[in-house]
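Before any comments, here is the structure.
Protein chains in written order, with our numbering: chain A, 1 to 83; chain B, 84 to 750.
Encoded structure:
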């Protein structure tokens, strides 16, 4: 499974954060742990230009995460090139 | 950048546009964030002499890392961060012998782009004596913050988003991204997503259009909230002469500065005849037969591999020199490189003539003479053959690129970690390098945008872009249209958008096409984006498109027009029926009182049949900030699918000329 992991950009509905969480980072982590038992899979938590995070996921985990409440979209990472 | 300030008309006595733009240390201080390969902070282009204290709004950091101290920043280079988690997660741990886990630029590209945008003036800059002069960024008094998001293995969107996230939070006023990916809808394009939020937070985002020209529909970074920049030439060349044994002399370009070829002619051979490979003409690694090329000049064709790598391959095979011939893909465009051996790049026509001589003469000979730097070359600018072209494949109703700027043979600062060719075998080290690409044109516009933001802090990012676009020129001083290097013929708005940037006019555009955040959301509704897709682009705001409202892409207050006719536009659905497409626009007065009158023109056989009706034809403004709307109806009979035509719509009060390009396509 580790070999199949790819980076995904996960968009979250910030206003949908359950009251039990103190901050969004905590909520993002809990959402990720709900679908993946692998440790330290989150790369970045975004706050200014995107509400969400990037994480290393298997395709199944990405699919499962897309169904978690508060998750808007789970998009695979893209590679860009210098011009 | 030893030439572009003069070429752009902003070379003031004190190092840049003194008369038009305010000084740093005022409320108009602007920080340009450059997302790229990092920075070489020791470059003289980051000298902070004469700059006031770092503005109080600035929240950026100077991150320490391998070979990079937090003390590397100063009042010019106000921030330096790096984002590598996505890169290393995808590619494995980086090779720290080859790249630095820090903001340090191991490549040179990021140092080049950031110094182009806002580098300090550096007298006596040159590359081996070529392009000598004072190198300076377009906004020499703006601050620079670098966000290293590109690594030897590429630029990964998780890192790019992290860089944009930090740059906006830090307080950058302009972001410059000389990178791109494939065409994707905006909800899946990280640069478009990051740029939307940046725009909402009053940050102008300037991106390169891409180097996939001259083919059509090859653009990157086409979201309407991004300023998309194509590339044109300067009025500067680096001539070299290929003198053949038959006495004929062909002009090309070269930045070679080492030991010259002997004055006596050497044998010359076409690489295709010195290789057992079917693609031997391309001088790919391992394809040349050393016995056949030793001591000779080798003719290679452009394509597939990097131009400088071909030079290395030819030198490695034991040849004495190289003639690098353009093919139809590049036409007559000459891009100079600091090759490792005596070499000249020549246009397609010259290349064919030289190859013809080599094929017909039993003992062909030649020599190459490098002639230095030439300025006042005309015509200029010419659209670079490599510059990506429209139509916009993601949203054909938005004309892209927006504008062109200098992007061919640009001198700017370079890393101390790599030679000017970037090849591992190149052990030369230079303070400045000359390279080409829309990567180079983008930071020109980023710097100019910083100047405009500094001069007009109250203008939105859309207003700044509008000013740059509506004052751009699409004809030479004699009135003839800008040319395209790929064909040698007249270019079109699909090649140059509104035209070539003209900053001295952009500072006083008279009127601007402003666009609010809400209007961009309406645009997404017009594209029929779902609530989820809109939330992905515009973050998780509570926004939904109104069911009882009709949204139109043509209503986006864009400074250009892209009109797509299809049978669906016609009132009867028949292919011969006349179709009418309506666009509405609102102009905001950013000057004094004035009455503007409209004029329209069309070019090309297909466009001659298009009727353009503007209502009203006159707009009177009495005060700054006043807004007036107008409607344009474009009516045309059906044309064969794939046909295109062009035009221009201009509002003028006699002093200002507020010009919009028009592109018509029939589908």
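Beta carbons are placed, not taken as given, at the ideal position from N, Cα and C, and that holds for glycine.
Just so you know, these numbers come straight off a predicted model, no measurement behind them.
Please report whether the beta-carbon of residue i lies at a distance below 9 Å from any beta-carbon of chain B.
i, result
"residue 58(A)", "no"
"residue 81(A)", "yes"
"residue 49(A)", "yes"
"residue 14(A)", "yes"
"residue 37(A)", "no"
"residue 77(A)", "yes"
"residue 21(A)", "no"
"residue 73(A)", "yes"
"residue 28(A)", "no"
"residue 31(A)", "no"
"residue 4(A)", "no"
"residue 43(A)", "yes"
Do residue i and residue j have their C-beta atoms closer together than 9 Å?
i, j, result
"residue 114(B)", "residue 238(B)", "no"
"residue 717(B)", "residue 606(B)", "no"
"residue 813(B)", "residue 602(B)", "No information on residue 813(B) is available, as it lies outside the stretch 84 to 750 that chain B covers here."
"residue 193(B)", "residue 164(B)", "no"
"residue 153(B)", "residue 146(B)", "yes"
"residue 16(A)", "residue 52(A)", "no"
"residue 233(B)", "residue 118(B)", "yes"
"residue 598(B)", "residue 307(B)", "yes"
"residue 677(B)", "residue 583(B)", "no"
"residue 450(B)", "residue 346(B)", "yes"
"residue 251(B)", "residue 284(B)", "yes"
"residue 421(B)", "residue 323(B)", "no"
"residue 418(B)", "residue 86(B)", "no"
"residue 314(B)", "residue 466(B)", "yes"
"residue 365(B)", "residue 437(B)", "no"
"residue 83(A)", "residue 521(B)", "yes"
"residue 200(B)", "residue 666(B)", "no"
"residue 296(B)", "residue 472(B)", "yes"
"residue 542(B)", "residue 673(B)", "yes"
Round the Cβ separation of residue i and residue j to the nearest angstrom and send it over; I've been treating them as touching at under 8 Å.
i, j, result
"residue 349(B)", "residue 380(B)", "5 Å"
"residue 162(B)", "residue 268(B)", "Between residue 268(B) and residue 162(B) the Cβ distance is about 32 Å, and since that is not below 8 Å, they are no contact."
With a threshold of 9 Å between beta carbons, is residue i in contact with chain A?
i, result
"residue 655(B)", "Low confidence applies to residue 655(B): its pLDDT is 41, below 50, so where it sits in the model is not reliable, and the reading given next is rough at best. Taking Cβ atoms only, chain A never reaches closer than 9 Å to residue 655(B), which makes this a no."
"residue 262(B)", "yes"
"residue 529(B)", "no"
"residue 551(B)", "no"
"residue 504(B)", "no"
"residue 192(B)", "yes"
"residue 622(B)", "yes"
"residue 110(B)", "Unreliable positioning characterises residue 110(B) in this predicted model, as indicated by a pLDDT of 47, which lies under 50. The coordinate reading is nonetheless provided below. Not an interface residue."
"residue 177(B)", "no"
"residue 520(B)", "yes"
"residue 240(B)", "yes"
"residue 428(B)", "no"
"residue 144(B)", "no"
"residue 628(B)", "no"
"residue 243(B)", "yes"
"residue 741(B)", "no"
"residue 274(B)", "yes"
"residue 294(B)", "yes"
"residue 284(B)", "yes"
"residue 500(B)", "no"
"residue 168(B)", "yes"
Assign residue i to buried or exposed, taking buried as 16 or more other Cβ atoms, counted over all protein chains shown, within 10 Å of its Cβ.
i, result
"residue 460(B)", "exposed"
"residue 231(B)", "buried"
"residue 655(B)", "The pLDDT assigned to residue 655(B) is 41, lower than 50, so where the model puts this residue is not dependable; a value taken from the coordinates is nonetheless given after this. Exposed: under 16 other Cβ atoms inside 10 Å."
"residue 748(B)", "buried"
"residue 344(B)", "buried"
"residue 37(A)", "exposed"
"residue 212(B)", "exposed"
"residue 331(B)", "exposed"
"residue 463(B)", "buried"
"residue 63(A)", "exposed"
"residue 706(B)", "exposed"
"residue 178(B)", "exposed"
Check whether the Cβ of residue i lies closer than 8 Å to any heavy atom of the ligand NAD, and answer yes or no.
i, result
"residue 195(B)", "The ligand NAD is absent from the structure shown, which contains no ligands of any kind."
task: Go through the segment 86-171 of chain B residue by residue and report every complete run of the beta strand (DSSP E) that reaches 3 residues or more, in order.
output: Those beta strand (DSSP E) runs which fall completely within the segment 86-171 of chain B and span 3+ residues are 114-119 and 160-165.
message: Restricting to runs no shorter than 3 residues, where is the beta strand (DSSP E) found entirely within the segment 305-355 of chain B?
response: Qualifying beta strand (DSSP E) stretches, in chain order: 310-315, 322-327, 332-336 and 349-353.
field: Length-filtered (4 minimum) alpha helix (DSSP H) runs lying within the segment 626-707 of chain B
entry: The segment 626-707 of chain B contains these whole alpha helix (DSSP H) runs: 688-691.
- prompt: Along the chain, which unbroken stretches of the beta strand (DSSP E) at least 3 residues long are found entirely within the segment 411-457 of chain B?
  reply: For the segment 411-457 of chain B, whole beta strand (DSSP E) runs of length 3 or above, ordered along the chain, are 426-429 and 448-453.
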